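The sequence shown finishes on residue 70 if you use my numbering, and the numbering steps up by one all the way, no holes.
To start, the structure under review is shown below, and the notes come after it.
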Amino acid sequence: QMPAGLPMRAMNFSSKEGSLCFDPFLGSGTTAVAAENLGRLGRGCEISPAYTAVSLQRLADMSLEIRKVE
């Protein structure tokens, strides 16, 4: 799991509040969590069922809306 500070730093330099931040390799969801914490719209995709389960749980724990696209 990547430290949340890394994507947060990149987002602070490259986007504004309300911007869409997309991670094509979502993994455990660190980038999506960081985006939401900074007031961005965190979106991403992941092909690994194990990582998908982890990221879905992390986002659910934050009471965020989760929309699954198949």
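Positions of the beta carbon are idealized from the N, C-alpha and C atoms, including for glycine.
Remember, it's a predicted structure, so these values are computed and weren't measured experimentally.
Judged by DSSP in its simplified three-state form, L38 adopts coil rather than helix or strand. By alpha-carbon distance to V54, the top candidate from F22, L20, T31, S19 is T31. For G27 and Y51, the gap between their C-alpha atoms comes out near 5 Å. By the criterion of a C-beta distance shorter than 6 Å, A10 is surrounded by no residue of its chain, once the five residues flanking it on both sides are discounted. About 16 Å separates the Cβ atoms of D23 and G5, ruling out a contact at the 8 Å cut-off. The beta carbon of L41 sits closer than 8 Å to those of G18, S19, L20, C21, A35, all from its chain and outside the five residues before and after it, given in chain order. Taken in chain order, the unbroken stretches of alpha helix (DSSP H) that lie wholly in the stretch 11 to 38 and span 4 residues or more are 30 to 37.
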